[in-house]
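Participant: Here it is: the structure, laid out below.
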Amino acid sequence: MASPHGCDPVNLGNPRETSMLELATMVRDMVGSRAGIVHAPLPKDDPVRRNPNIARAQELLGGWTPQVPLERGLEATIAYFRGLNSRNNGAA
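The sequence shown: position 54 = 55 (my numbering), numbered continuously.
So, in structure tokens, the structure goes:
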């Protein structure tokens, strides 16, 4: 969507389409949880499908493409928050 200010958004996501159920299942499995996944109605005007178009980023950033697969990014994010959590729990 074009901005009236002349500054348009740039998607830096991965164009791989991933459903929220797939993402939630991946995260749950990676953290070793047995929690259930809650299926709730979508908020009004929420997109049903998410598949970022990265063409603008590629054009503006000289052919940029995502380098980190979703699974590896999730592993790094989970490790970061586990480390953060252990530091916070140890600081009493």
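Idealized CB from N, CA, C, for every residue including glycine.
Note that this is a predicted model, so its numbers are computed, not measured.
Might you give, ordered along the chain, the residues of its own chain that have their beta carbon closer than 8 Å to the beta carbon of Leu43, omitting 5 neighbours on each side?
Facilitator: Val49
Participant: Using a Cβ distance threshold of 8 Å, determine whether the stretch 15 to 25 contacts the stretch 45 to 65, with at least three qualifying pairs required.
Facilitator: yes
Participant: I'd like to check one pair, Leu62 with Val28: are the Cβ atoms closer than 8 Å?
Facilitator: No, the pair does not count as a contact, with Cβ atoms beyond the cut-off.
Participant: Buried or exposed, going by whether 16 or more other CB atoms sit within 10 Å of the CB of Ala58?
Facilitator: With 16 or more Cβ atoms within 10 Å of its Cβ, Ala58 is classed as buried.
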